[in-house]
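Undergrad: Numbering-wise, the sequence shown is residues 272 to 331 according to this note's numbering.
Glycine included, each C-beta is placed from N, C-alpha and C at the ideal position.
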Amino acid sequence: VGDRQMDFTVGDIAAIPKHTNHYVINDSAEDFHFYVVWWDMNYVNAFVAHHSETTGCLDE
């Protein structure tokens, strides 16, 4: 998150401030699942529209 690397285990919760660079690496052989909660519906719609157009990964 930002300039920090953080390790998480099952049940951990993270709050990442808006506009903070971040990414996830699963360096284990186990499946990885996570949930994202967004508070701003307009931002969600813009994000989905942008990434659907550029990657197709969020197509219904």
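Roughly how many angstroms lie between the CA atoms of F318 and H293, to the nearest whole one?
TA: The sequence position of residue 318 within the sequence shown is 47, counting from 1. The sequence position of residue 293 within the sequence shown is 22, counting from 1. Roughly 15 Å between the two C-alpha positions.
Undergrad: Between I296 and V272, is the Cβ-Cβ spacing less than 8 Å?
TA: Position 25 of the sequence shown holds residue 296. Position 1 of the sequence shown holds residue 272. No.
Undergrad: How is I286 classed by DSSP in three states: helix, strand or coil?
TA: Translated into the one-based positions of the sequence shown, residue 286 becomes position 15. According to the sequence displayed, residue 286 carries Ala and not Ile. Three-state result, A286: coil.
Undergrad: How long is the line joining the alpha carbons of F305 and V281, rounded to whole angstroms?
TA: Within the sequence shown, residue 305 is the residue found at index 34, counting from 1. Within the sequence shown, residue 281 is the residue found at index 10, counting from 1. Approximately 10 Å between the Cα atoms of the pair.
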